[in-house]
Each structure stands twice: as C-alpha cells, then as structure tokens.
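S.K.: Structure below; questions to follow.
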Amino acid sequence: VINALKLLTLPDALKDGLLSGLISEGHARALVSIGDTRLTIEAYKIVLKEKASVRRAEEIARRMKKKIEEGEVPITKE
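Per our numbering, the sequence shown starts with residue 413, numbered consecutively.
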C-alpha cells in the first residue's frame, strides 16, 4: 500500500509512462525514490533512452540521489 501511495507522487510524465506500459511498476518505484522532481524526470528519460532494466533504473536512481547528497544539484520538489 505504501509503495502504491508513493507512485501517486510521481511527476505526470512518469505516471503516463507507467499507465502506457513504457515503464514497469519496478522502474517507477526506483525512480520515485530519488525525491527530486527534476532529477526524477532526467532519470526517466535515461531509462527510456536505454530501454533500461529495473536494476539499471535502480542504479540510475542511486546515482541521482548521490548527486543530491553531494550537493551537486539543488533539490526541487513539486
């Protein structure tokens, strides 16, 4: 239930991708964990471009979260 509620916080582009089957729920869970709207969308674009697996989406999400932790990007939440 918690994971389903988290998916509701996805940016609209990712919700559309999930509903249309471009990404799976596993991809979406990995991407929502980033917590930054701009980086989440950036990661989504990478996933689509690479036709990435869920494991790869998790790796991309970890990389994006590391950028936030290291202060490389300002956090943007909507």
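Every residue gets a Cβ at the ideal spot worked out from N, C-alpha and C, and that includes glycine.
Could you give the DSSP three-state label for Gly429: helix, strand or coil?
M.R.: By one-based count along the sequence shown, residue 429 stands at place 17. Three-state DSSP puts Gly429 in a helix.
S.K.: Going by beta carbon distance, what residues of the same chain come within less than 6 angstroms of Leu451, once the five residues before and after it are set aside?
M.R.: The residue you call residue 451 lines up with position 39 of the sequence shown. For Leu451, where only same-chain residues beyond five positions count, the Cβ hits under 6 angstroms are Met476.
S.K.: Along the chain, where does the alpha helix (DSSP H) containing Ile480 start, and where does it finish?
M.R.: Numbered from its first residue, the sequence shown carries residue 480 at position 68. Element bounds for Ile480: Val466 to Glu481.
S.K.: How would you label Gly433, buried or exposed, when you count the other beta carbons within 10 angstroms and need 16 or more for buried?
M.R.: Along the sequence shown, one-based indexing puts residue 433 at 21. The residue is exposed, with fewer than 16 neighbouring Cβ atoms inside 10 Å.
S.K.: When the Cα of Lys478 is compared with those of Ala455, Lys463, Glu462 and Leu460, which residue comes out closest?
M.R.: Locating residue 478 in the sequence shown gives position 66, counting from the first residue. Checked all of Ala455, Lys463, Glu462 and Leu460; the closest Cα to Lys478 is Ala455.
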